[in-house]
Every structure is written in structure tokens, then in C-alpha cells.
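Written out below as C-alpha cells is the structure these notes cover.
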Amino acid sequence: RALLDTGNASICQICQYKNTFIRLPCPYNTKGVYLGERYIEAVFRHYRRGHISVEQAADYLDAKTKNVPKIEEWLFQRGAGA
-13 RALLDTGNAS ICQICQYKNT FIRLPCPYNT KGVYLGERYI EAVFRHYRRG
37 HISVEQAADY LDAKTKNVPK IEEWLFQRGA GA
């Protein structure tokens, strides 16, 4: 938690660290399963092209606006994100 508070690590990096030792699911993994990676990719594709706003992307992802970059980071780390 201290790494997250100081800004030295992202939430997904913390989740990966936790998963190494105690196998807790990252909250974005759950969202990825619930919504589907293809759907999330489509939302970010439209967001990056300027077709939708960050507020609309957050609405489509059922997330807060402040968490949209974190979800995008999760998607990028998974090797997706067309």
C-alpha cells in the first residue's frame, strides 16, 4: 500500500505483486471477465480516436472517470489494446 500511496507503483503492479504471493484477483481482471476484453478494447479504440469522451468511456466501462487510465493500463499490460 505504501508504494501506491507514494505513486511509485500502479494499482495493477501492486495486484501483480500480490498475485505472486497470495493470489488475490486484480479488480480489473474481474472487470475484464465481466465486460470482456474485446468490449473494453472497443471502448478504448473509440476513446483514443476521439469518438467518445472520457466520461462516456467510464460509463461504458461501468467505472469512475478517474479509473479509466488504470483500466487502460491493465489492458495494455495484458497485451491487448488495439
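So the sequence shown is numbered by this note's numbering: it starts at -13 and just counts up by one. C-beta atoms are modelled at their ideal positions from N, C-alpha and C, and glycine is treated no differently.
Counting C-beta atoms within 10 angstroms of its own C-beta, Phe30 has 16 or more neighbours from the protein chains shown and is therefore classed as buried. Cβ neighbours of Ala43 within its own chain (closer than 6 Å, five residues either side excluded): Val29, Tyr33 and Val54. Taking a C-beta distance under 7 Å as the contact criterion, Leu61 and Ile38 do not qualify as a contact pair. In the three-state reduction of the DSSP assignment, Leu21 falls in the helix class. CA-to-CA, the gap between Asp48 and Glu41 works out to about 10 Å.
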